[in-house]
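*Asks:* Residue numbers (the working numbering): 3 to 155.
A virtual CB, placed ideally from N, CA and C, is assigned to each residue, including glycine.
Since the structure is predicted, the reported quantities are computational estimates derived from the model, not experimental observations.
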Amino acid sequence: MQPARFEERPALRLLGIQRRLDPQTTNWVKLWQDEYAPHLPEIQARSRGETCMGAYVSGGDDGLVEFLAGQPAQDGIDVPPGLVVRDLPAATYAVFECAMADIGATWHAIYGDWLPASDYLTDDGKACFEEFAPGCHEGRTPVRILVPVMRRS
């Protein structure tokens, strides 16, 4: 597996729900449908564009991560109860594309195969994330997985 491309991304502000979780055991369908979807009208009214994102921020030594499900936020918005705004710093990303059904296998291939054999390391302290553009649930557009990287020295 190779990245589709590398991208420089500017800092980004996300509005959404935040949970501390274990990505290996989380019921993702339940999280998106039962926890995120009820807030979607509030999020969409304050967002830029239609792409939904799931951002993973390192959570410490306990194996848990801070996960934010949201959308890029407009400037100067109010933050409704139950939602958070999180600033993600600029980074260089390796961008991988896959079908919705292949997200888990793609993450495993990135960290189990591609990254150890590549000239890159993850850029600690930066968020990994998934981008869900309109049409990805129907298979018309790919899910993009972005991993912050820097060259090995």
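Evaluate contact between the segment 48-60 and the segment 11-21, counting only Cβ atoms and requiring at least three cross-stretch pairs below 8 Å.
*Replies:* Yes, since at least three Cβ pairs between the segment 48-60 and the segment 11-21 fall closer than 8 Å, the two stretches touch.
*Asks:* Among N29, C130 and P5, which residue has its Cα nearest to the Cα of A93?
*Replies:* Out of N29, C130 and P5, C130 has the C-alpha closest to the C-alpha of A93.
*Asks:* With distance defined between alpha-carbon atoms, name the residue in L23, N29, V87 and G61 nearest to E44.
*Replies:* Selected option, being the one with the closest Cα: V87.
*Asks:* To the nearest angstrom, report how far apart E52 and A135 are at their CA atoms.
*Replies:* The alpha-carbon atoms of E52 and A135 are separated by roughly 7 Å.
*Asks:* Taking buried to mean at least 16 other C-beta atoms within 10 Å of its own C-beta, is K128 buried or exposed?
*Replies:* With 16 or more other Cβ atoms within 10 Å, it is buried.
*Asks:* Examine the Cβ distances between the segment 62-72 and the segment 17-24 and report whether three or more of them are shorter than 8 Å.
*Replies:* Touching, per the Cβ criterion.
*Asks:* Are the CB atoms of E9 and V97 nearer to each other than 8 Å?
*Replies:* In contact: E9 and V97 (Cβ atoms closer than 8 Å).
*Asks:* Check whether the Cβ atoms of Q35 and Q73 sit closer than 8 Å, and answer yes or no.
*Replies:* Cβ distance not < 8 Å, so Q35 and Q73 don't count as in contact.
*Asks:* Could you tell me whether the Cβ atoms of G18 and Y38 are closer together than 8 Å?
*Replies:* Going by C-beta atoms, G18 is nearer than 8 Å to Y38.
*Asks:* Here's a check: name, in chain order, each residue in its chain whose Cβ is nearer than 6 Å to the Cβ of G137, leaving out the five neighbours to either side.
*Replies:* Contacts found: T143.
*Asks:* For T124 and Y95, I'd like the C-alpha separation in whole angstroms.
*Replies:* C-alpha separation (whole angstroms): 9 Å.
*Asks:* Q20 bridges to which residues according to DSSP?
*Replies:* Bridge partners of Q20: L70.
*Asks:* Have a look at D115 and T108 and give me their C-alpha separation to the nearest angstrom.
*Replies:* If you take the alpha carbons of D115 and T108, they lie about 10 Å apart.
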